[in-house]
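Participant: Numbering (full-length UniProt numbering), first residue to last: 1 to 97.
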Amino acid sequence: MHTGEKPYQSSQCDKAFSQKSDLVKHHRTHTGEKPYQCSLCDKAFSFILNLVKHQRIHTGEKPHQCSQCDKEFLQNSNLVAHMITHWEETILMQSMD
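This is the structure in structure tokens:
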């Protein structure tokens with residue numbers, strides 16, 4: 001059960017966390033620590049998810065696919081921005097009817 005208690009307080013700012021692991025990750029925003037190194041280039045990251053996203057540049061993986069035109073994207077945010085073009089086209093076509 002979640003109590004909402006946040007016993008792990010940052011020593012650098014007023015943020016607090018319910019899990020110690022979240023505090024450790026947050027602490028990297030203050031220290032600039034980047035423990036996740038790309039094995040294919042010199043880039044390093046504070047968070048493993050950022051490394052995973054970065055590695056797609058090297059692998060060419062584009063896991064987010066448009067359901068309208070099958071175009072593929074590295075990041076979901078780029079897919080969402082792309083989908084707006086389809087919505088705008090649909091609205092424009094409907095207004096011409």
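From the three backbone atoms N, C-alpha and C, an ideal C-beta is built for every residue, glycine too. What you are looking at is a predicted structure, and each value in this text was computed from that prediction instead of being measured.
With respect to the alpha helix (DSSP H) encompassing Thr-31, which residues constitute its N-terminal and C-terminal limits?
Facilitator: Along the sequence shown, one-based indexing puts residue 31 at 31. Unbroken alpha helix (DSSP H) run through Thr-31: 20 to 31.
Participant: Return the chain-ordered ranges of every alpha helix (DSSP H) run that is complete within the UniProt domain "C2H2-type" (36 to 63) and spans a minimum of 4 residues.
Facilitator: 48 to 59
Participant: Using 8 Å as the Cβ pair cut-off and three pairs as the minimum, do the region 61 to 70 and the region 37 to 51 touch?
Facilitator: no
Participant: Pull the bridge partners of Glu-72 from the DSSP assignment, please.
Facilitator: On the sequence shown, position 72 is the one that residue 72 refers to. DSSP output for Glu-72 lists Gln-65 as bridge partner(s).
Participant: With C-beta atoms as the reference, is His-58 less than 8 Å away from Lys-43?
Facilitator: Along the sequence shown, one-based indexing puts residue 58 at 58. Along the sequence shown, one-based indexing puts residue 43 at 43. One thing to note: His-58 has its Cβ no nearer than 8 Å to the Cβ of Lys-43.
Participant: Quick one: what's got a C-beta closer than 8 Å to Thr-29's C-beta in the same chain, skipping five residues either side?
Facilitator: Along the sequence shown, read from residue 1 onward, the residue named residue 29 stands at position 29. Cβ within range, chain order: Ser-46.
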